[in-house]
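Student:
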Amino acid sequence: MAGPRLRAAFALEKIYDGIYIKDALQFDGLSPKDARLMEQIVYGCVRHRSYLDSIVNRYVRNHKRLETMIRYILQIGLYQIRFLDRVPAHAAVDEAVRSAKKIANVGAAGLVNGVLRAILREKEKAFRIVEKDPVRRLSIQYSFPEEWVRHFQPILKEETEAFFRALSKPAPLTVRPVGIDRDTLAHMLEAVGYSSKPSPASDIALDIADPWGLFSGDAFRSGAFYVQDAASMHVVELFTPDRDARALDLCAAPGGKSFQMAEIFASVDAFDVSPARLAIMNENIERLQIQNVHTQVNNALKPVRDTSYDRILLDAPCSGFGLIRRKPEIKWRVRTEDLKDLARVQRKMLENAYGALSRGGELVYSTCTVTLEENEGVLQSFLSDHPECTLKGGGERFWPHKRHTDGFSMACIVRKE
Numbered sequence: 001m002a003g004p005r006l007r008a009a010f011a012l013e014k015i016y017d018g019i020y021i022k023d024a025l026q027f028d029g030l031s032p033k034d035a036r037l038m039e040q041i042v043y044g045c046v047r048h049r050s051y052l053d054s055i056v057n058r059y060v061r062n063h064k065r066l067e068t069m070i071r072y073i074l075q076i077g078l079y080q081i082r083f084l085d086r087v088p089a090h091a092a093v094d095e096a097v098r099s100a101k102k103i104a105n106v107g108a109a110g111l112v113n114g115v116l117r118a119i120l121r122e123k124e125k126a127f128r129i130v131e132k133d134p135v136r137r138l139s140i141q142y143s144f145p146e147e148w149v150r151h152f153q154p155i156l157k158e159e160t161e162a163f164f165r166a167l168s169k170p171a172p173l174t175v176r177p178v179g180i181d182r183d184t185l186a187h188m189l190e191a192v193g194y195s196s197k198p199s200p201a202s203d204i205a206l207d208i209a210d211p212w213g214l215f216s217g218d219a220f221r222s223g224a225f226y227v228q229d230a231a232s233m234h235v236v237e238l239f240t241p242d243r244d245a246r247a248l249d250l251c252a253a254p255g256g257k258s259f260q261m262a263e264i265f266a267s268v269d270a271f272d273v274s275p276a277r278l279a280i281m282n283e284n285i286e287r288l289q290i291q292n293v294h295t296q297v298n299n300a301l302k303p304v305r306d307t308s309y310d311r312i313l314l315d316a317p318c319s320g321f322g323l324i325r326r327k328p329e330i331k332w333r334v335r336t337e338d339l340k341d342l343a344r345v346q347r348k349m350l351e352n353a354y355g356a357l358s359r360g361g362e363l364v365y366s367t368c369t370v371t372l373e374e375n376e377g378v379l380q381s382f383l384s385d386h387p388e389c390t391l392k393g394g395g396e397r398f399w400p401h402k403r404h405t406d407g408f409s410m411a412c413i414v415r416k417e
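Residue numbers (the UniProt record's numbering): 1 to 417.
(1) Could you say which of L379, R359, T371 lies nearest to Y365 if we only look at CA atoms?
(2) May I ask you to report which of helix, strand or coil DSSP gives F398?
(3) The alpha helix (DSSP H) that contains Y59, what's its start and end?
(4) Suppose you measure from the CA of L167 to the CA of A353; what does that come to, to the nearest Å?
(5) Taking the continuous beta strand (DSSP E) assigned at Q296, which residues delimit it?
(6) Where does C368 sit, in a helix, a strand or coil, going by DSSP?
(7) Report yes if the CB atom of F239 is closer than 7 angstroms to the CB atom of I290, and no otherwise.
(8) Output the distance between the C-alpha atoms of G3 and M38, rounded to the nearest integer angstrom.
(9) P200: buried (16+ other C-beta within 10 angstroms of its C-beta) or exposed?
(10) Look at the alpha carbon of G29 and the alpha carbon of G193, and state the distance between them as a whole number of angstroms.
(11) Take I155 and list the residues in its own chain whose beta-carbon comes closer than 8 angstroms to its own, dropping the five residues that flank it on each side.
(12) Which class does L313 belong to by DSSP, given the choice of helix, strand or coil?
(13) Hey, could you find the ends of the alpha helix (DSSP H) Y354 is sitting in?
(14) For the alpha helix (DSSP H) that L167 lies in, which residues bound it at each end?
(15) For Y51 versus V115, is the C-beta spacing smaller than 7 angstroms?
(16) Comparing C-alpha positions only, which one of F27, K157, I19 sits nearest to I330?
(17) Taking G360 as the reference, give the member of I413, I103, D17, R5 with the closest Cα.
(18) Roughly how many whole angstroms lie between the Cα atoms of V112 and Q80?
(19) Using 8 angstroms for Cβ pairs, my map puts R176 next to I204. What's the rounded Cβ distance?
(20) Can you give the Cα-Cα distance for R165 and Y142, rounded to whole angstroms?
(21) Identify, in the order they occur along the chain, each residue of the same chain with its Cβ nearer than 7 angstroms to the Cβ of R150, setting aside the five sequence neighbours on each side.
(22) Provide the residue span of the beta strand (DSSP E) that contains L206, from first to last.
(23) Just to check my reading of the structure: E147 and T336 have Cβ atoms closer than 8 angstroms, yes? What is that Cβ distance to the nearest angstrom?
(24) Under the rule that 16 or more other beta-carbon atoms within 10 Å means buried, what is P328, buried or exposed?
(25) Which residues mark the beginning and the end of the alpha helix (DSSP H) in which I285 is found?
(26) From which residue to which residue does the alpha helix (DSSP H) around L156 run?
(27) Within the chosen definition, does the region 214-221 reach the region 183-192 through at least 3 CB pairs nearer than 8 angstroms?
(28) If you measure between the beta carbons of A252 and A270, is that distance less than 7 angstroms?
(29) What three-state label does DSSP hand Y194 in the structure shown?
(30) Just confirm the distance between the C-beta atoms of V273 and V297, as a whole number of angstroms; I'd bet it's less than 8 angstroms.
(31) Tell me whether A92 sits in a helix, a strand or coil according to DSSP, three-state version.
(32) Per DSSP, what kind of secondary structure is S258 in: helix, strand or coil?
(33) What distance in whole Å lies between the Cβ atoms of L313 and G223, which are believed to be in contact at a cut-off of 8 angstroms?
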């Protein structure tokens with residue numbers, strides 16, 4: 001049976017073929033300790049891909065001809081040496097050589113051994129970034145495609161590095177208590193070994209640094225919390241609460257915002273195009289014992305038949321750039337050239353959402369990204385076509401390097417009476 005490191009290499013192969021990390025991780029037959037190691041390695045290698053590759057390329061003479069799986073094995077060994085203090089360097093090298101022997105010839109195993117030991121002999125030199133060009137340096141240091149560095153530099157200017165640094169770090173798990181305050185939830189979690197602290201961006205949320213095994217515990221099963229980033233929680237706070245209001249969440253799954261809306265509105269219709277994601281949402285509705293959220297399969301690209309909703313949320317499908325702390329594979333999949341097409345889809349969805357809004361109603365448009373094209377661009381286009389609408393209080397943006405949250409953008413549109 002393959003160990004955690006070789007499994008990590010196979011997982012990387014799947015991820016770069018288009019599978020999401022959570023779907024590529026297969027823990028069957030691994031001990032909890034090895035499963036955690038595998039998960040940490042996979043996330044780390046995807047998160048630091050450009051940086052690790054830049055080192056591998058300096059130490060492998062014909063790196064362009066390097067076999068893909070051997071490259072992944074080198075990345076895995078190098079990641080442990082560079083970032084995992086708890087793994088002895090000699091163990092990282094030995095395991096990498098062992099992995100290479102299992103899937104390739106003796107020559108490949110020798111190359112892995114030679115490269116990693118050469119790096120060990122001169123770690124300080126090997127780990128140093130030698131690139132002088134500022135765009136290229138940021139691209140390597142924080143492992144982002146150069147096109148994204150160029151995209152955000154004119155917008156963020158001197159904050160560009162802080163932005164990419166924040167996105168390159170793993171995010172804590174943020175949870176929202178249900179029916180209890182966060183101090184009570186913190187004590188519940190502490191009693192079973194989970195350390196938490198108040199989220200800096202929310203008065204009610206908790207951040208959990210190491211949530212391994214949390215979802216098999218009593219606190220989760222009893223419905224004491226659900227997972228939701230603090231920036232995501234703020235989206236629903238843009239609405240004016242109304243216990244008599246009928247609400248619609250147009251792209252609802254997995255449901256965090258719908259559940260939050262259920263606390264301030266009479267009823268919430270939760271639509272989503274994915275039956276599988278709605279099935280998970282329904283499980284959470286049952287776990288949390290929520291009575292006033294009703295799910296339905298529906299495509300937001302089609303008009304909504306009911307046109308009498310008082311409050312509507314469109315958390316539109318987007319580039320997901322604000323979620324890269326949690327899903328680092330996103331940065332290797334979304335291109336800047338995709339933004340125009342994404343904005344076109346979002347604009348159509350926003351028009352359909354507006355068609356279901358009653359006079360005097362509120363429509364919140366949000367995305368889990370920070371690009372201007374998917375936010376200001378979409379809103380400006382909509383408002384120019386609908387002079388009968390206004391923005392309540394302007395829009396808001398959560399930058400990861402400023403608010404220590406996921407990247408989110410949001411605005412509340414009010415339809416005149």
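We treat Cβ as the ideally placed atom computed from N, Cα and C, and that holds for glycine.
Tutor: According to the structure data:
(1) Here the closest residue by C-alpha is L379.
(2) Three-state DSSP puts F398 in a strand.
(3) Counting along the chain, the alpha helix (DSSP H) containing Y59 begins and ends at 49-59.
(4) A direct Cα-to-Cα measurement between L167 and A353 gives close to 31 angstroms.
(5) For Q296, the enclosing beta strand (DSSP E) stretches over residues 293-297.
(6) DSSP places C368 in coil when its eight states are reduced to three.
(7) In this structure, F239 sits away from I290, with a CB-CB distance that is not shorter than 7 angstroms.
(8) Cα-Cα distance, rounded: 9 angstroms.
(9) With fewer than 16 other Cβ atoms within 10 Å, it is exposed.
(10) So the two alpha carbons sit approximately 24 angstroms from each other.
(11) Cβ neighbours of I155 beyond the five flanking positions: L372.
(12) Judged by DSSP in its simplified three-state form, L313 adopts strand.
(13) The continuous alpha helix (DSSP H) containing Y354 extends over residues 339-355.
(14) Start and end: 160-167.
(15) No, the pair does not count as a contact, with Cβ atoms beyond the cut-off.
(16) It is I19.
(17) Closest in alpha carbon position to G360, among I413, I103, D17, R5, is I413.
(18) If you take the alpha carbons of V112 and Q80, they lie about 14 angstroms apart.
(19) 6 angstroms between Cβ atoms; contact.
(20) Going from the Cα of R165 to the Cα of Y142 covers about 6 angstroms.
(21) Counting only residues of its own chain and dropping the five nearest sequence neighbours on each side, R150 has a CB closer than 7 angstroms to the CB of V135.
(22) First-last of the beta strand (DSSP E) with L206: 206-208.
(23) Right, the Cβ-Cβ distance comes to about 5 angstroms (below 8 angstroms), so this counts as a contact.
(24) By the Cβ-count criterion, P328 is buried, with 16 or more other Cβ atoms from all chains shown falling within 10 Å of its own Cβ.
(25) Counting along the chain, I285 sits inside the alpha helix (DSSP H) bounded by residues 275-288.
(26) It spans 146-156 - the alpha helix (DSSP H) in which L156 sits, taken as one unbroken run.
(27) Counting Cβ pairs under 8 angstroms, three or more are found: they touch.
(28) Contact flag set, yes.
(29) In the structure shown, Y194 sits in coil (DSSP, three-state: anything other than H, G, I, E or B).
(30) Contact holds; Cβ gap of about 7 angstroms.
(31) Of the three classes helix, strand and coil, the one that applies to A92 here is helix, per DSSP.
(32) Helix at S258.
(33) About 22 angstroms separates the two Cβ atoms, so there is no contact after all.
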